[in-house]
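Number of protein chains: 2
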Amino acid sequence: MKIVVDAMGGDHAPRVVVEGAISAVQEYGAQVILCGDEEKITPWLKKAKYSGKNIEIVHAPEVIDMCEPAANSVRRKRNSSIVVGLNLVKTGAADAFFSAGNTGAVVCAATLELRLLPGIERPGIGLVTPTLKGASFIIDVGANVDPKPIQLLQYGIMADAYCRSILNKNNPAVGLLNIGEEEAKGTDFMREVHELLSKSKLNFIGNIEGKDLFSGKCDIIISDGFVGNVALKVSESAAEAMQAFLKRRLLSNIMGKIGLFFLMPSLKRFKKGIDYAEYGGAPLLGVNGVVIIGHGRSNSRAIKNAIRVANEEIERKVNDRILEAVK
Amino acid sequence: MKIVVDAMGGDHAPRVVVEGAISAVQEYGAQVILCGDEEKITPWLKKAKYSGKNIEIVHAPEVIDMCEPAANSVRRKRNSSIVVGLNLVKTGAADAFFSAGNTGAVVCAATLELRLLPGIERPGIGLVTPTLKGASFIIDVGANVDPKPIQLLQYGIMADAYCRSILNKNNPAVGLLNIGEEEAKGTDFMREVHELLSKSKLNFIGNIEGKDLFSGKCDIIISDGFVGNVALKVSESAAEAMQAFLKRRLLSNIMGKIGLFFLMPSLKRFKKGIDYAEYGGAPLLGVNGVVIIGHGRSNSRAIKNAIRVANEEIERKVNDRILEAVK
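Chains A and B are the protein sequences, given in the same order. Each residue of the first sequence is one higher than the last, beginning at 0 in numbering that gives the first Met the number 0. Each residue of the second sequence is one higher than the last, beginning at 0 in numbering that gives the first Met the number 0.
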């Protein structure tokens, strides 16, 4: 299995991407194609003294920057690492694509190059999140910010297949992210989605509220891409603020300082536990191929883990399961 | 200044409401009208041995429960504590109304009984939140889940007046909660709101993302009621999950246990710092009167603080400022 990695994607590319790819090769025996500007990639491979055969380079001279408008760049920059890399999957030269670059561009290029799975109208970005009762899966966190109700049902079906395959959950419970638990809550849009989910074969438990995002009340959380994106980023913000408040408070008195000293190892392990880098990548579900999206801030550990996630998705044949489910 | 308090509103009513009202009388010399079922209120006043003149009871035999559909209940239950209480403000017998009860019913009843301020199409619930750089104000967190773009501009104008009066912020910076900072990000709806805010007299700094909710990047955060409600509840969920993860981690080894012992006083103070109960109440802006909404989970401290918040809003003449701004 070969994973194409966008060597130019992310805030610290290509350095951390090359380092992450080497770690994935060394730890999991992954086979990686680094796609991007060869002249910028090679020095980092040399610096790491990597000379094995598990990493190839496919040259792509153009780069789509993080803030470029997605659709326009994808159409214009046919030689970008994102478009060239996705074409390696399209032609069968590789089995999956990963990028920590411009998310909008990856979604757009993946849709154009790989096309969608039959029965799916729009791709969605899913994400495995930690909860008090183990992992759960939220979809969509930003691919489709103005969806139609039927598309949220399709996300539910894809998430069900993903959770069974990857998270080993049998009959995962599905919740709809809304502003109240009662059936009639929210907008007309939400009521329509609620009805579609109720009539589906999914194990739909009804509306959930924002306060249940990390409670583990359900295995799958369905959301429109706008709300899902805000929810995810707000969680990051709340966690960061809480850490900062706590530290400030602890350093303000001697008892707190002593406590902090004893606490440091635990705090560090804790931070690792909620660190996005541990999860690595978010699957873009609905396209005809395996595509994983990384956080722009990805470090080499996140890249390594994203390559592992891509490998798992290929091995467990998630797309075959989705195809069966939407038949 | 007399504050009408819905004695029947909230998960622990009327007990905590009566206790909170007594605290507010004792600490701030507040004047309170407890509105609700007299037979259920009196025993708690007796139990607390309160015999002063600062608390009156106005009998209202009906209760609108937490989960009742709002509009219907308000029309049907004319003798409920919410409707009777708001009418005391309408007739001038009191100066403000507070309830920790059914939020939808309070929004609906306040709109019907008090009417809206001229120039305002829909009321919005604002909330003071802690950030890394002091307090900020988010509006709307759930009164208007399917707003029109112009209504979000009106929220901005009201929030500006509120922040100048209550938070003593001069020329507060206004941000629009969106899924990216660039002007073109988000939905058509968001782009329309962005344009309206850009053309207004407000100190509009542009889009902000969920990750900035607690960073203190701006003083006022404008959001549609659906997204604002989810964002707020997700923050609660993230903070609670983080505390639970941390505690679990700390109790798993001896170093952590020692740290936790030294840490306890700081953790308790920290929790108090982010505790909703410290803020007490959220103003319902846009109605022709002072209305404060409390969390259903309000304890007596939250009730006490909400009465203080109501007093401040009357004293600082927030509605006069709003009227000047929308002229």
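From the three backbone atoms N, C-alpha and C, an ideal C-beta is built for every residue, glycine too.
Where the alpha helix (DSSP H) through residue i begins and ends
i	result
B/E239	224-249
B/T102	102-113
A/V16	14-27
A/K303	299-314
B/I291	No alpha helix (DSSP H) holds B/I291; the beta strand (DSSP E) holding it covers 289-293.
A/A324	317-325
First and last residue of the uninterrupted beta strand (DSSP E) at residue i
i	result
A/C34	30-35
B/V62	Note, B/V62: premise wrong, no beta strand (DSSP E); not H, not E.
B/N177	No beta strand (DSSP E) holds B/N177; DSSP gives it neither H nor E.
B/N206	202-207
A/I119	Unbroken run through A/I119: none, as it is neither H nor E.
A/G280	280-284
B/S98	95-98
B/D10	It is not in any beta strand (DSSP E) - B/D10 carries neither H nor E in the DSSP assignment.
B/S135	133-138
Simplified DSSP state of residue i, which is helix, strand or coil
i	result
B/K147	coil
B/S214	coil
A/S197	helix
B/N71	helix
B/G258	helix
B/E55	strand
A/R81	Reading the sequence as shown, one finds Ile at residue 81 of chain A and not Arg. A/I81: helix per DSSP, three-state reduction.
B/P171	coil
A/T41	helix
B/G155	helix
B/K76	coil
B/K1	strand
B/L166	coil
Closer than 8 Å at the beta carbon, the chain B residues around residue i
i	result
A/T186	V144, D145, F225
A/P68	A183
A/A243	L131
A/L283	None at all; the shortest Cβ gap to chain B is about 16 Å.
A/L85	What A/L85 touches in chain B: nothing, since even the nearest Cβ is about 22 Å away.
Neighbour list for residue i in chain A, Cβ cutoff strictly below 8 Å
i	result
B/M7	Correct list: empty, because the minimum Cβ distance to chain A is about 20 Å.
B/T130	A240
B/G141	I178
B/L116	Those within 8 Å of B/L116 in chain A number zero; the least Cβ separation is about 25 Å.
7 Å Cβ cut-off: residues of chain A touching residue i
i	result
B/V233	G209, L212, A230, V233, S234
B/L176	V229
B/L152	Here the premise fails: no neighbours, minimum Cβ distance about 19 Å.
B/A134	Near B/A134 there are no residues of chain A at all, since even the closest Cβ is about 13 Å away, more than 7 Å.
Whole-number beta carbon distance between residue j and residue i, since they are thought to touch under 8 Å
i	j	result
A/A93	A/V3	4 Å
A/L231	A/V140	5 Å
A/G327	A/L131	The shown model of chain A, from 0 to 326, leaves out residue 327 of chain A, and the question about it has no answer.
B/G333	B/S297	Outside the displayed span of chain B (0 to 326) sits residue 333 of chain B, for which this structure offers no information.
B/I56	B/I40	6 Å
B/A309	B/G280	7 Å
Under 9 Å by beta carbon: chain B residues contacting residue i
i	result
A/F96	Per Cβ cutoff of 9 Å: no residues; A/F96 is ~23 Å from chain B at best.
A/M254	F261, L262, M263, P264, S265
A/L126	In chain order: nothing, as chain B lies at least about 14 Å away.
Where residue i meets chain B, residues with beta-carbon distance less than 7 Å
i	result
A/A257	Before going on, a small fix: residue 257 of chain A reads as Ile here, not Ala. Chain B residues near A/I257: F261.
A/L195	By Cβ distance, chain B contributes nothing, its closest Cβ being about 18 Å from A/L195, past 7 Å.
Contacts of residue i in chain A (Cβ-Cβ under 9 Å)
i	result
B/A237	L212, F213, V233, S234, E235, S236, A237, A238, M241
Residue i CB to nearest heavy atom of the ligand GTP below 6 Å
i	result
B/A281	Summarising the ligand content, the structure contains no ligands, and the ligand GTP is consequently not present.
Under 7 Å from the C-beta of residue i: neighbouring residues of chain E
i	result
A/L322	Annotation note: the requested chain E is absent from the structure, which comprises protein chains A and B.
Exercise for the section: For the stretch 38-49 of chain B and the stretch 311-321 of chain B, state whether three or more C-beta atom pairs, one from each stretch, are separated by less than 8 Å. Expected result: no
Practice task
Indicate whether the contact test is met: 3 or more Cβ pairs, each with one atom in the stretch 50-68 of chain B and one in the stretch 96-112 of chain B, closer than 8 Å.
Solution key: yes
Exercise for the section: Specify whether the stretch 182-192 of chain A and the stretch 193-212 of chain B touch according to this definition: at least 3 beta carbon pairs, one from each stretch, less than 8 Å apart. Expected result: no
Practice task
Tell me, please, whether the stretch 229-241 of chain B touches the stretch 153-162 of chain B by the rule of three or more beta-carbon pairs shorter than 8 Å.
Solution key: no
Exercise for the section: For the stretch 253-260 of chain A and the stretch 250-267 of chain B, state whether three or more C-beta atom pairs, one from each stretch, are separated by less than 8 Å. Expected result: yes
Practice task
Say whether the stretch 13-30 of chain B touches the stretch 307-314 of chain A, bearing in mind that this needs 3 or more beta-carbon pairs closer than 8 Å, one atom from each stretch.
Solution key: no
Practice task
Report yes or no: do the stretch 197-206 of chain A and the stretch 170-186 of chain A share at least 3 C-beta pairs separated by less than 8 Å?
Solution key: yes
Problem - Stretch-stretch touch, CB-based, cutoff 8 Å, three pairs: the stretch 71-91 of chain B with the stretch 299-308 of chain B - result: no
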